[in-house]
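These notes concern the structure reproduced below.
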Amino acid sequence: MMLESLHADLPALRGAPDKVPTRRLATLEAAGAQAIPFTTGILVGIGESPADRLAAPTAIAESHRRHGARRGPTWREVVLIHAIARIAYRGTIDHIQASWVKLGLSGARQLLRAGVDDRGGTLMNENISRAAGASHGQMVAEAEP
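Okay, so the sequence shown: first residue is 543 according to my numbering, each after it adds one.
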């Protein structure tokens, strides 16, 4: 769950009821209090100020100090979990998906070699990864593999 920013009035967050910073911070706190592991982070480049860029990671760090922190997966772990899923789900779940929106086409290609057979769906207007500065995720030309 991305904290994204503590500044609720940023254009990228305004009007999105599931992106209310106080709700997301409360979720982070509740998960930490119950020792539920998950990853979090911030978005940069969505209209935030330098102070906003400091406030959100500071809030995350304070929560992690109170409850303990868990690092996100390494790229190797991402590849391995997709390969493991292909093996573990054989005969039960037919397709394993990699999010080209988050990984880019190069990352998705690497996961295809690890057992993934679905690059993900069509997005009408992806904005979360793009608002965070991703250079991929908006469109794939028909000629691109």
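All C-beta atoms, glycine included, are put in the ideal place defined by N, C-alpha and C.
For residue i and residue j, I'd like the C-alpha separation in whole angstroms.
i    : j    : result
V562 : T569 : 11 Å
R651 : G633 : 23 Å
L654 : S641 : 11 Å
L548 : I578 : 22 Å
D659 : V586 : 31 Å
T564 : A550 : 8 Å
Give the range of the alpha helix (DSSP H) segment to which residue i is assigned.
i    : result
S648 : W642 to R655
R628 : W617 to A630
L570 : P563 to A575
Any idea what DSSP makes of residue i, helix, strand or coil?
i    : result
D594 : helix
I602 : helix
D659 : coil
Looking at residue i: is its Cβ nearer than 8 Å to the Cβ of residue j?
i    : j    : result
L545 : I588 : no
G662 : Q639 : yes
M543 : T600 : no
L552 : E590 : yes
Practice task
Would you be able to state if there are at least three C-beta pairs under 8 Å between the stretch 569-584 and the stretch 599-613?
Solution key: yes
Practice task
Spell out a yes or no on whether the stretch 624-633 and the stretch 592-606 are touching, meaning 3 or more CB-CB pairs, one atom from each, closer than 8 Å.
Solution key: no
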